[in-house]
Amino acid sequence: MNLVYRYRVKSLNGLLNKQSRAVNYVWNFCNDTQKHALKWRKKWPTGFDLNVLTTGSSKALGIHSGTINATCEQYAKSRSRNRLPYLRYRGRKSLG
192 MNLVYRYRVK SLNGLLNKQS RAVNYVWNFC NDTQKHALKW RKKWPTGFDL
242 NVLTTGSSKA LGIHSGTINA TCEQYAKSRS RNRLPYLRYR GRKSLG
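Quick note on the numbering used here: the sequence shown kicks off at 192 and runs consecutively.
See the structure below:
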């Protein structure tokens, strides 16, 4: 006779939804910052500039600071690669 253990694995969809909304918030903040720079004819912010602007927001958003920095870097890289003045706002959730 075999001994079988049954464990209940809790779903993490709620946590993933919360974190995806936080990442979308950071992306949209970067887009707002870019539009502000365009409006006032300022220098376009780099990934480093966006990282400085989002410093200290990890506790309020509930995601790791490395995730916030990576999102800002990806925004700057995508904007320069596509040669667009600004990118689309993020609303869709990607749960990874």
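Backbone N, C-alpha and C define an ideal beta-carbon position, used for all residues, glycine too.
Alpha-carbon to alpha-carbon, LEU206 and ASN219: Rounded to the nearest whole angstrom, the C-alpha separation of ASN219 and LEU206 is 20 Å.
Cβ neighbour criterion (16 or more within 10 Å) applied to VAL195: With fewer than 16 other beta carbons inside 10 angstroms of its own, VAL195 counts as exposed.
Spatial neighbours of GLY238 in its chain, beta-carbon cut-off 6 Å, leaving aside the 5 residues before and after: CYS263, GLU264, ALA267
Span separating the alpha-carbon of ASN222 from that of PRO236: 10 Å
Separation of ALA261 from SER248, as counted between CA atoms: Between SER248 and ALA261, the C-alpha separation is close to 14 Å.
Extent of the continuous alpha helix (DSSP H) run through SER248: SER248 -> no alpha helix (DSSP H), and no H or E assigned at all.
Sub-9 Å separation of TYR257 and ALA213 beta-carbons: Sequence inspection shows Gly at residue 257; the Tyr mentioned does not correspond to that position. Result no, Cβ atoms of GLY257 and ALA213 do not sit closer than 9 Å.
Residue closest to LEU229, alpha-carbon to alpha-carbon, out of LEU278, VAL200, VAL217, LYS250: LEU278
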